[in-house]
Amino acid sequence: MKGKINKSIIAADVVSARSRASSRAMERYEKLAKLGEGSYGLVYKCRNRDTGEIVAIKKFVENEDDPLIRKIALREIRMLKNLKHPNLVNLLEVFRRKRKLHLVFEYCDHTVLHEMEKYPSGCPELLSKQIIWQTLQGVAYCHRHNCIHRDVKPENILLTSDGVVKLCDFGFARWNLLVRIFYPHNDPFWCRPKAKK
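Take the sequence shown: its letter number 141 is residue 141 in full-length UniProt numbering, and every next letter is one higher.
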């Protein structure tokens with residue numbers, strides 16, 4: 001059943017991925033630009049030197065021995081290894097370099113937040129409907145598989161050049177929480193007013 005996953009198997013998969021790639025993995029990628037920075041890591045736009053494919057690489061800023069960083073990283077890996085949907089970002093590869101975990105994702109051009117900033121008076125209705133509909137498709141898929149994201153906000157909703165929405169950043173996601181009416185975790189900037197009380 002989705003959500004009930006043997007954590008030791010996942011951890012073994014991660015170790016195996018690290019062993020295969022080792023510190024040479026990053027050498028296969030050329031850094032093109034810094035895309036963003038969060039509490040736990042940096043995200044770079046990179047090019048695969050062998051295939052020419054453009055990807056996004058998340059580099060966790062703390063040493064992987066940090067228990068919190070390790071927990072968040074393994075959770076995101078675990079989620080995305082088991083959740084596959086057109087409106088969820090695709091995890092391509094995992095490796096470590098200098099004891100820091102690196103996650104390689106498909107590349108998306110920008111976030112919904114960037115799109116919103118283009119329209120100070122509000123996004124066009126059709127664009128808004130397209131973004132909301134696709135986001136809900138991704139969220140509904142997660143819910144059908146007993147996963148709750150817990151951090152859906154414009155910064156975590158990516159857009160490809162073709163206008164496809166990709167929900168990302170599963171570091172705070174959880175399995176099997178759907179039986180609860182409300183779980184007290186949210187971003188106070190984006191949550192509904194009543195949830196702030």
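We put the CB at the ideal spot given by N, CA and C, even for glycine.
Just so you know, these numbers come straight off a predicted model, no measurement behind them.
Your pair Gln137 and Val164 does not check out as a contact, with CB atoms roughly 11 Å apart and the cut at 8 Å. Shown here, Thr160 sits in coil according to DSSP, grouped into three states, outside any helix or strand.
Its Cα nearest to that of Lys153, the residue Lys166 stands out among Asn176, Lys166 and Asp66.
Excluding the 5 residues flanking it on each side, Met116 has same chain C-beta neighbours closer than 7 Å at Cys123 and Pro154, in chain order. Restricting attention to Leu92, Thr111, His114 and Leu113, the CA atom closest to the CA of Phe105 is found in Leu92. Per the Cβ contact rule, the segment 169–176 is not in contact with the segment 124–132 (fewer than 3 Cβ pairs under 8 Å).
According to the DSSP secondary-structure assignment, Val55 is paired through a beta bridge with Cys46 and Glu106. For the set Met26, Arg75 and Tyr119, the Cα lying nearest the Cα of Val55 is the one of Met26. Given a length threshold of 4 residues, each whole run of the alpha helix (DSSP H) inside the segment 74–121 is given here in chain order: 112–117.
Looking only at Glu125, Val94 and Asp162, the smallest Cα-Cα distance to Arg78 is reached by Val94.
Here the alpha carbon of Trp175 sits roughly 34 Å from the alpha carbon of Arg28. When C-alpha distances from Thr160 are compared across Tyr107, Pro120, Glu125 and Leu126, the shortest belongs to Tyr107.
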